[in-house]
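Undergrad: Number 150 in numbering that gives the first Met the number 0 belongs to position 151 of the sequence shown; there are no gaps in the numbering.
Quick one: this structure, given as C-alpha cells, is what I'll be asking you about.
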Amino acid sequence: MARQDNKKQILFIFTSASKTLLDNPAGWYLPEAAHPYYTLLPHSHITFASPLGPNPPVSERSVARWKDDEACAKWLADPTVKEKLDTALKLSEVNSEDYDAVFYPGGHGPAMDLPTDEANIKICSEFFRAKKPVAAVCHGPCAIVNATDAEGQPIVKGRTVTGLSNEEEELGGKTKDVPFLLETKLVEKGGNYVKAEKPFEVKVVVDGHLITGQNPVSARGVAEELVKLLS
C-alpha cells in the first residue's frame, strides 16, 4: 500500500454486530467515527474494515441524535465515506503490516463481536507488538481486551486506560444489553482504569502507544492524540 505522499495509513475497525444481547439495535456510534475521521483525514489515508466486511451497521439512534452535528452531517453526505463503507475489508483480509495505526469507534456493537473475533484479536495484538498506535473510544476498547503483548499478557495490563464507565452504561440503561461492563473488564485485565469527574465529560488517556477515550465527546481528542503519536 505504498503511497507517493508522506501520509500515514490508518485502519478503522468497525463492528458488524447489529443487535445487542436483548435484540436491541447495536452497530457503531456515528460521532465516534465521524469526528476522528475528519480529524485524521488531513494527515492520513484511512481504510475501513469489519468482521463481515462491507457496510458495517451504524447505530440509527446515533444518527438521529447527531445528524445535525457538523462532522456527522458531513459524514452522512460524503460520497468517499459511502464508498469506503461499501467496500470495507473483511478482517480476514487485513494485513496489519500495511498500516501505521488502528482505531476502533464505539457503539454497542463492538462489545458484541470484536472482543471474541479471532481476526480482530490477532490484528490488534500485532499492532501493539509492533509498537504501532492502538486507539479506541467509548465501547471501542471492548475490542482490545483480549489482545496480548509479546509476553502474552493483556495489552491493558499495567497501563492506564479509559472507556465507557459502568455509571455511563447504567445511565444509558444498557447494562443487560452487553456481555460485560467495559470498566469492570478493563480492571479484570489488569488495567489502571480512570474516568472523568462526571459522566459524559471528555476523558482521553495516552499510555505509550495505547490511546483510549471514555465516551462520544472524547472521540475527537483520541484522534488528536493519534495525530501527535504519528507525527
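Glycine is no exception: its CB is placed at the ideal position from the N, C-alpha and C atoms.
Taking 7 Å as the limit between beta carbons, can you name the residues of its chain near residue 195, skipping five residues before and five after?
TA: Within the sequence shown, the letter at position 196 stands for residue 195. These residues qualify, in order along the chain: 201, 202 and 213.
Undergrad: For the alpha helix (DSSP H) containing residue 183, name the first residue and the last one.
TA: Against the sequence shown, residue 183 aligns to sequence position 184. Residues 181-187.
Undergrad: Quick one: what does DSSP say residue 208 is sitting in, helix, strand or coil?
TA: The residue labelled residue 208 in the question sits at position 209 within the sequence shown. Residue state, collapsed to three classes: coil.
Undergrad: On a Cα-Cα basis, can you pick out the residue from 225, 50, 199 and 171 that is closest to residue 109?
TA: In the sequence shown, residue 109 corresponds to position 110, counting from 1. It is 50 whose Cα lies nearest to the Cα of residue 109.
Undergrad: Around the C-beta of residue 29, are 16 or more other C-beta atoms found within 10 angstroms, so that it is buried, or is it exposed?
TA: Here the question's residue 29 lines up with position 30 in the sequence shown. It counts as buried.
Undergrad: Between which two residues does the beta strand (DSSP E) harbouring residue 7 extend?
TA: Sequence index remark: in the sequence shown, residue 7 carries index 8 (1-based). Note, residue 7: beta strand (DSSP E), 7-12.
Undergrad: Take every Cβ of the region 58-77, pair it with every Cβ of the region 87-98, and state whether three or more of those distances are shorter than 8 Å.
TA: With the cut-off at 8 Å, the region 58-77 and the region 87-98 do not touch.
Undergrad: Going by DSSP, what residues sit across from residue 47 in a beta bridge?
TA: On the sequence shown, position 48 is the one that residue 47 refers to. For residue 47, which the question treats as bridged, DSSP gives the partners 11.
Undergrad: For residue 232, which residues in the same chain have their Cβ closer than 7 Å to its Cβ, ignoring the five residues on either side in sequence?
TA: An answer regarding residue 232 cannot be provided, because it is not within the stretch 0 to 230 covered by the chain.
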